[in-house]
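Asker: Would you mind keeping the following structure in view while I ask a few things?
Chains as they are written, first to last, in UniProt numbering: chain L, 1 to 377; chain E, 1 to 377.
Encoded structure:
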């Protein structure tokens with residue numbers, strides 16, 4: 001397996017990229033905001049950008065160095081810029097769901113939360129939750145007109161089976177939790193809106209057009225080095241895997257495998273507003289796991305190779321990242337001037353809850369990795 | 001094994017009670033406050049009071065009903081009254097240690113926290129911690145004079161090897177955590193002082209003297225029913241065990257055995273200031289486990305019967321109770337009027353941390369109980 005296989009993979013990913021870009025433009029582009037097709041198209045754009053960038057990194061020696069050095073940071077910029085809006089929306093949803101869970105309010109029929117597969121449903125949940133938080137914040141002001149208003153905010157075009165409007169538990173949030181929810185909604189919606197504008201600008205920029213042109217060239221012609229045709233891919237893929245296993249070996253897996261080790265909350269009250277330093281190595285492993293996965297895709301001709309535990313390990317690390325960032329957002333919100341003690345208290349509980357999720361995700365990763373190691377040996 | 005064995009056990013416990021009472025008076029009684037011997041004596045008093053009361057309950061049919069109905073509530077009153085002071089002290093220590101852990105501050109050399117076996121050392125820790133919290137609360141005011149003052153608060157008569165004064169990490173608490181610590185210290189120290197006065201009054205009361213007289217009689221003469229000499233103890237002990245296993249069967253053990261099930265934090269933000277209703281069944285099991293243990297002691301002639309997992313299960317339930325009450329104290333403190341948002345935030349994190357401990361204790365109980373069940377079958 002040599003450079004030819006890499007060229008096939010890169011051409012396929014470049015084609016995917018162009019298809020997603022076309023779809024994105026046809027469905028209204030970034031201006032359309034939340035339409036499902038546009039969201040899917042943006043995700044597909046990010047997906048292929050990450051794969052191209054990752055493969056250029058892992059199989060660097062086979063590719064023209066100048067070209068490769070040139071396009072990689074641009075692809076990273078693009079997928080980073082396009083991913084932010086989604087990240088803020090997902091973070092808000094995670095935090096509002098957690099606030100409801102912590103208040104003991106049964107927000108929805110179970111399945112619509114758990115099985116909500118499409119982003120449209122997820123978007124609907126956020127709107128409904130935010131409405132609920134707002135309704136509860138206006139303590140007592142729960143007349144029929146108000147209820148009507150927050151129902152109207154929830155999109156009715158969900159793809160699942162028709163379900164009753166999620167009204168019953170609306171008022172169940174405590175005042176503190178409701179205010180915390182409203183504060184987070186304000187802050188994260190603002191961040192999301194800014195991210196949306198930034199993405200819009202990016203997609204209209206000459207910088208983006210230059211990337212798109214380069215990817216269009218890649219779809220027909222992969223700039224391999226002269227030696228690529230006779231260079232094996234496996235040693236490079238193995239090196240990527242080795243970087244992954246080395247990083248995993250450096251993680252505190254023994255601790256993580258011990259349930260309720262209470263490590264993730266250490267420094268939970270530390271005055272340092274920077275991201276949790278203990279999370280860094282886990283985020284790093286998440287990236288290396290992704291590179292490993294892409295390398296395996298190249299070797300298997302684009303298919304997903306069966307490796308027990310690996311998808312679960314990846315999901316656990318995504319959850320780790322999400323919970324870590326959500327905890328940071330809660331701590332950040334608690335630093336907002338002039339909030340009430342009740343709001344701050346709720347944000348403290350929420351922060352600790354998400355750090356608990358961080359710890360749970362590490363445990364899940366440890367378990368999945370163990371399974372993967374057993375499967376591989 | 002009949003009423004005779006029960007009489008032997010009860011006489012022995014009554015003798016223990018009287019010995020502890022004498023020791024308590026000789027070492028200065030309740031007026032002495034924190035002296036180690038007095039603390040030990042009070043614990044021994046509670047210990048035998050609980051055992052007498054528990055055995056009267058389990059083996060009720062063998063004992064004179066009037067006498068038994070008369071003395072049991074008095075013993076419960078006594079051990080409850082004597083236990084409160086210790087409970088508040090332990091709760092404060094637990095919460096201050098948690099605050100330090102959450103701030104990422106290494107309070108002491110590891111061993112002095114973990115291995116602090118004696119209550120004097122524990123008392124010392126609390127004083128030092130509280131001093132640390134206070135020192136940090138006076139943000140910046142960490143001149144040598146101040147440090148001297150808080151060192152002076154820590155008793156120097158610890159029985160362990162001499163260790164350096166735990167100064168280095170003093171200032172490491174965030175302002176919020178330090179203020180939360182100072183608030184908890186104020187509230188729980190006040191509660192402890194009141195409990196101390198109540199215990200003092202109780203031990204000087206005619207009500208107490210009546211209990212002590214009855215226990216003195218018990219030490220020489222156990223009022224068995226005429227049929228007791230020919231009534232077996234085992235069916236009654238088995239009934240106590242059955243009540244325990246029934247209660248355990250009603251617990252959500254399947255959930256508890258699943259690490260990070262996030263159940264203990266549900267309702268963590270609920271506006272209801274009452275104790276967590278979900279904790280009730282676990283507290284109940286703790287009491288039934290104790291009755292079962294005492295019944296086994298009666299059957300084994302006072303010795304502790306080997307039953308794998310049972311001590312661990314008991315410890316887990318104690319931890320469950322302690323964490324549950326500590327979480328309640330943090331939530332209660334957050335309702336103090338005019339606290340700052342930073343204080344409230346820290347108390348929210350602390351509350352969630354202790355609810356996390358509740359969940360961890362349930363997990364530990366589930367594991368220990370499983371071991372016990374395997375050992376018993």
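Every residue, glycine too, gets a C-beta built ideally from N, C-alpha and C.
These numbers were taken from a predicted model, which means no experiment stands behind them.
Is it buried or exposed for residue 209(L), if we count other Cβ within 10 angstroms and need 16 for buried?
Answerer: Here the question's residue 209(L) lines up with position 209 in the first chain. Answer is exposed; the Cβ neighbour count stays below 16.
Asker: At the 8 Å Cβ level, is residue 270(L) part of the contact set with chain E, yes or no?
Answerer: Here residue 270(L) refers to the residue found at position 270 when the first chain is read from its first residue. Answer yes: the Cβ-Cβ gap between residue 270(L) and chain E drops below 8 Å somewhere.
Asker: Taking the CB atoms as reference points, tell me whether residue 6(E) and residue 45(E) lie closer together than 8 Å.
Answerer: For the purposes of this step, residue 6(E) is taken as the residue at position 6 of the second chain. For the purposes of this step, residue 45(E) is taken as the residue at position 45 of the second chain. Not a contact, by the Cβ cut-off of 8 Å.
Asker: Residue 204(L) lies in the alpha helix (DSSP H); which residues open and close that run?
Answerer: In the first chain, residue 204(L) corresponds to position 204, counting from 1. Per DSSP, residue 204(L) belongs to the alpha helix (DSSP H) from 175-204.
Asker: Apply the 10 Å Cβ neighbour rule to residue 374(E) and answer buried if 16 or more other Cβ atoms are within range, or exposed otherwise.
Answerer: For the purposes of this step, residue 374(E) is taken as the residue at position 374 of the second chain. Residue 374(E) comes out exposed.
Asker: Between the stretch 280-290 of chain E and the stretch 339-348 of chain E, do at least 3 Cβ pairs fall closer than 8 Å?
Answerer: Contact fails: fewer than three Cβ-Cβ distances are below 8 Å.
Asker: Identify, in the order they occur along the chain, each residue of the same chain with its Cβ nearer than 8 Å to the Cβ of residue 11(E), setting aside the five sequence neighbours on each side.
Answerer: The residue given as residue 11(E) occupies position 11 in the second chain. Closer than 8 Å at Cβ, skipping near neighbours: 218, 219, 220, 222.
Asker: According to the neighbour-count rule (16 or more other Cβ atoms, all chains shown, within 10 Å of its Cβ), is residue 184(L) buried or exposed?
Answerer: Stepping through the first chain from its first residue, residue 184(L) is reached at position 184. Under this definition residue 184(L) is a buried residue.
Asker: Closer than 9 Å between beta carbons: that is the criterion. Which residues of the stretch 273-288 of chain L meet it against chain E?
Answerer: Taking 9 Å as the Cβ-Cβ cut-off against chain E, none of the residues of the stretch 273-288 of chain L qualify.
Asker: Looking at residue 58(E) and residue 262(E), is the spacing between their C-beta atoms short of 8 Å?
Answerer: Numbered from its first residue, the second chain carries residue 262(E) at position 262. Numbered from its first residue, the second chain carries residue 58(E) at position 58. No. Outside cutoff.
Asker: Give the secondary structure of residue 321(E) by DSSP, where H, G and I count as helix, E and B as strand, and everything else as coil.
Answerer: Residue numbering aside, residue 321(E) sits at position 321 when the second chain is read from its first letter. Residue state, collapsed to three classes: helix.
Asker: Is it buried or exposed, residue 174(E), if we count other Cβ atoms within 10 angstroms and call 16 or more buried?
Answerer: Mapped onto the second chain, residue 174(E) falls at position 174. Label assigned to residue 174(E): buried.
Asker: Counting only the same chain and skipping the five closest in sequence on each side, list residues whose C-beta sits under 7 Å from that of residue 188(L).
Answerer: Taking the first chain and counting its residues from 1, the one referred to as residue 188(L) is at position 188. Taken in chain order, the residues that qualify are 88, 91, 92, 329.
Asker: Could you pull out every residue in the same chain whose Cβ sits closer than 6 Å to the Cβ of residue 331(E), ignoring the five residues on either side in sequence?
Answerer: Position 331 of the second chain, counting from 1, holds the residue named residue 331(E). Excluding residues within five positions, the ones whose Cβ falls inside 6 Å are 351.
Asker: Could you give the uninterrupted runs of the alpha helix (DSSP H) lying entirely in the stretch 208-291 of chain E, keeping only those of 4 residues or more?
Answerer: Within the stretch 208-291 of chain E, the complete alpha helix (DSSP H) runs of at least 4 residues are 234-249, 253-256.
Asker: When you compare the stretch 249-262 of chain L with the stretch 355-363 of chain E, are there three or more beta-carbon pairs, one atom per stretch, that lie closer than 8 Å?
Answerer: Contact holds: three or more Cβ-Cβ distances are below 8 Å.
Asker: What number of angstroms, rounded off, separates the C-alpha of residue 216(L) from the C-alpha of residue 13(L)?
Answerer: By one-based count along the first chain, residue 216(L) stands at place 216. By one-based count along the first chain, residue 13(L) stands at place 13. Cα to Cα, residue 216(L) sits roughly 11 Å from residue 13(L).
Asker: Along the stretch 174-192 of chain L, what residues have a CB closer than 9 Å to any CB found in chain E?
Answerer: If the cut-off is 9 Å between Cβ atoms, the stretch 174-192 of chain L has 174, 175, 176, 177, 180 near chain E.
Asker: Using a Cβ-Cβ distance cut-off of 8 Å, determine whether residue 378(E) contacts chain L.
Answerer: Past the edges of chain E, shown from 1 to 377, lies residue 378(E), and the structure says nothing about it.
Asker: Using only alpha-carbon positions, find the residue among 228(L), 17(L), 284(L) that is nearest to residue 78(L).
Answerer: Within the first chain, numbered from 1, the residue matching residue 78(L) stands at position 78. Residue 78(L) has its Cα closest to that of 17(L), out of 228(L), 17(L), 284(L).
Asker: Using a threshold of 8 Å, state whether the C-beta atoms of residue 24(L) and residue 38(L) are closer than that.
Answerer: Your numbering for residue 24(L) matches position 24 in the first chain. Your numbering for residue 38(L) matches position 38 in the first chain. Going by C-beta atoms, residue 24(L) is nearer than 8 Å to residue 38(L).
Asker: Using a Cβ-Cβ cut-off of less than 8 Å, give me the residues of the stretch 336-354 of chain E that come near chain L, in sequence order.
Answerer: Within the stretch 336-354 of chain E, the residues whose Cβ lies closer than 8 Å to some Cβ of chain L are 339, 340, 341, 342, 343, 344, 345, 346, 347, 348, 349, 350, 351, 352, 353, listed in chain order.
Asker: Given a limit of 8 Å on CB to CB distance, which residues of the stretch 206-221 of chain L reach chain E?
Answerer: Within the stretch 206-221 of chain L, no residue has a Cβ that lies closer than 8 Å to any Cβ of chain E.
Asker: Judging by CA-CA distance, which residue of 86(E), 319(E), 283(E) is the nearest neighbour of residue 35(E)?
Answerer: For the purposes of this step, residue 35(E) is taken as residue 35 along the second chain, with counting starting at 1. Comparing Cα-Cα distances from residue 35(E) to each of 86(E), 319(E), 283(E), the minimum goes to 86(E).
Asker: Would you say the beta carbon of residue 353(E) is closer than 7 Å to some non-hydrogen atom of the ligand SAM?
Answerer: As for the ligand SAM, it is missing from this structure, which has no ligand bound.
Asker: Quick one: is residue 95(L) near chain E, going by C-beta distance under 8 Å?
Answerer: Numbered from its first residue, the first chain carries residue 95(L) at position 95. Not an interface residue.
Asker: From the DSSP output, read off the bridge partner residues of residue 63(L).
Answerer: Here residue 63(L) refers to the residue found at position 63 of the first chain. Answer by DSSP bridge pairing, in chain order: 224(L).
Asker: Under 8 Å, do residue 323(L) and residue 366(L) count as touching if we go by C-beta distance?
Answerer: Position 323 of the first chain, counted from the first residue, corresponds to residue 323(L). Position 366 of the first chain, counted from the first residue, corresponds to residue 366(L). Going by C-beta atoms, residue 323(L) is not nearer than 8 Å to residue 366(L).
Asker: Can you find a C-beta in chain E that's less than 8 Å from the C-beta of residue 358(L)?
Answerer: By 1-based counting over the first chain, the position of residue 358(L) is 358. Closer than 8 Å: no.
Asker: For residue 365(L), would you say it is in contact with chain E, using Cβ-to-Cβ distances shorter than 8 Å as the test?
Answerer: Against the first chain, residue 365(L) aligns to sequence position 365. No, its Cβ sits nowhere closer than 8 Å to a Cβ of chain E.
Asker: Assuming residue 26(L) is part of the alpha helix (DSSP H), what are its boundary residues?
Answerer: Working through the first chain from its first residue, we reach residue 26(L) at position 26. It spans 3-26 - the alpha helix (DSSP H) in which residue 26(L) sits, taken as one unbroken run.
Asker: Quick one: Cα of residue 21(L) to Cα of residue 213(L), how far?
Answerer: In the first chain, residue 21(L) corresponds to position 21, counting from 1. In the first chain, residue 213(L) corresponds to position 213, counting from 1. If you take the alpha carbons of residue 21(L) and residue 213(L), they lie about 12 Å apart.
Asker: Compile a chain-ordered list of the residues in the stretch 313-333 of chain E whose CB is closer than 7 Å to at least one CB of chain L.
Answerer: Here the close residues number zero.
Asker: Pair every Cβ in the stretch 223-239 of chain L with every Cβ in the stretch 52-72 of chain L, then say whether three or more of these pairs are closer than 8 Å.
Answerer: Verdict: yes, contact present.
Asker: Nearest to residue 278(E) by alpha carbon, out of 104(L), 75(L), 70(L), 51(L)?
Answerer: Numbered from 1 along the second chain, position 278 holds the residue referred to as residue 278(E). The candidate whose alpha carbon is nearest that of residue 278(E) is 104(L).
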